[in-house]
Amino acid sequence: MVHIKSIAAGVSGAIVAICFAQGTATHNAAPTAKGAASGRPFPVRFVDAARDAGLDMQFVSGGERTKRYIIEANGTGVAFIDYDGDGRQDVFLVNGSKLEGFGDAAPPTNHLYRNQGNGQFRDVTREAGMARSGWGSGVCVGDVGNTGFEDLYVTYWGKNALFRNDGHGKFTDAAAGSRVDGDGRTWSSGCTFLDYDRDGHLDLLVTSYQAFDLARTPPPGKNSNCEWKGMPVFCGPRGLPYGKIALPQPR
Ligand SMILES: [Ca+2]
Ligand SMILES: [Ca+2]
Numbered sequence: 002m003v004h005i006k007s008i009a010a011g012v013s014g015a016i017v018a019i020c021f022a023q024g025t026a027t028h029n030a031a032p033t034a035k036g037a038a039s040g041r042p043f044p045v046r047f048v049d050a051a052r053d054a055g056l057d058m059q060f061v062s063g064g065e066r067t068k069r070y071i072i073e074a075n076g077t078g079v080a081f082i083d084y085d086g087d088g089r090q091d092v093f094l095v096n097g098s099k100l101e102g103f104g105d106a107a108p109p110t111n112h113l114y115r116n117q118g119n120g121q122f123r124d125v126t127r128e129a130g131m132a133r134s135g136w137g138s139g140v141c142v143g144d145v146g147n148t149g150f151e152d153l154y155v156t157y158w159g160k161n162a163l164f165r166n167d168g169h170g171k172f173t174d175a176a177a178g179s180r181v182d183g184d185g186r187t188w189s190s191g192c193t194f195l196d197y198d199r200d201g202h203l204d205l206l207v208t209s210y211q212a213f214d215l216a217r218t219p220p221p222g223k224n225s226n227c228e229w230k231g232m233p234v235f236c237g238p239r240g241l242p243y244g245k246i247a248l249p250q251p252r
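For the sequence shown, position 40 matches number 41 in this note's numbering, and the numbering has no gaps at all.
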């Protein structure tokens, strides 16, 4: 039986990049003692209101009960973005896929939810032009063209997407024309926009967790990098080739 080694779901692309940058824990680190409680009151309580608010997409990331490859174990990103400039934060959620496909059923897509202002969100994915399927991973937000409206870059195991915001509620994928779509083979994980040369135009940094090639990745239990306490688990990150950082320039 294959066991899930780790799952990191529902985190932003930036957080994904940070976590990946830290690498995996070693077995040599001594545990630290838990600090004493402050004793100060914390009168805050969080309630999961996602379903009641209309944020009810079905998230897919590989096998539902079993993860045979590391690509299935990492979750995807989320971005809070006021895409229509009405002062209310909207939500964009990246979706994944699964190795065996979906047969005759429609594959899942990313989702964009517009904040209605009353604690409710409306799914505007299709009308906004954001209904893309694929093995999504991270997402970052930036006003690439200095238009006053924020754009979205979404990383994939496959071609990446640069959704340009037209300011009227619609996005168009301009990644290929901007030469930031990648080679179509790389597993791009995290990304961030930054103006590293301070010329007033946002630049883009894209990270790749691992150079994942399904045809060359051993199955669970194949070697010592694919076992955990004697049990077969998916291989990696140890034993698999690491990915690279790219600095493509949006045009
Ligand atoms: Ca909004
Ligand atoms: Ca720049």
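Just so it is clear, CB atoms sit at the ideal spot from N, CA and C, and this is done for glycine as well.
Secondary structure of N226, DSSP reduced to three states
By 1-based counting over the sequence shown, the position of residue 226 is 225. Correct three-state label for N226: helix.
Touch check for the segment 147 to 163 and the segment 172 to 179: three-plus C-beta pairs under 8 Å?
Contact annotation: the segment 147 to 163 touches the segment 172 to 179, with at least three C-beta pairs closer than 8 Å.
Can you tell me the Cα-Cα spacing of P221 and A51, whole angstroms?
One-based indexing of the sequence shown puts residue 221 at position 220. One-based indexing of the sequence shown puts residue 51 at position 50. Taking the straight line from one Cα to the other gives about 35 Å.
Using a threshold of 8 Å, state whether the C-beta atoms of V79 and V61 are closer than that.
Taking the sequence shown and counting its residues from 1, the one referred to as residue 79 is at position 78. Taking the sequence shown and counting its residues from 1, the one referred to as residue 61 is at position 60. No, Cβ-Cβ distance for V79 and V61 is not below 8 Å.
Would G237 be called buried (16 or more neighbouring beta carbons within 10 Å of its own) or exposed?
Indexing the sequence shown from 1 puts residue 237 at position 236. G237 should be labelled buried.
Alpha carbon of A216 to alpha carbon of G240, nearest angstrom:
Residue 216 sits at position 215 when you count from the first residue of the sequence shown. Residue 240 sits at position 239 when you count from the first residue of the sequence shown. Rounded to the nearest whole angstrom, the C-alpha separation of A216 and G240 is 15 Å.
Could you tell me whether the Cβ atoms of T156 and G191 are closer together than 8 Å?
Counting from one through the sequence shown, the residue named residue 156 turns up at place 155. Counting from one through the sequence shown, the residue named residue 191 turns up at place 190. G191 is positioned such that its CB atom lies closer than 8 Å to that of T156.
With DSSP collapsed to three states, give me the class of R278.
The chain is shown from 2 up to 252; residue 278 falls before or after that span and cannot be answered.
Which word fits G24, buried or exposed, when buried means at least 16 other C-beta atoms lie within 10 angstroms of its C-beta?
Position 23 of the sequence shown, counting from 1, holds the residue named residue 24. In this prediction, G24 scores a pLDDT of 45, lower than 50, which makes its location untrustworthy; the coordinate-derived value is nonetheless stated afterwards. Answer is exposed; the Cβ neighbour count stays below 16.
Same chain, Cβ closer than 6 Å to K230, five either side skipped, listed in chain order:
If you number the sequence shown from 1, residue 230 lands on position 229. Nothing meets the Cβ criterion.
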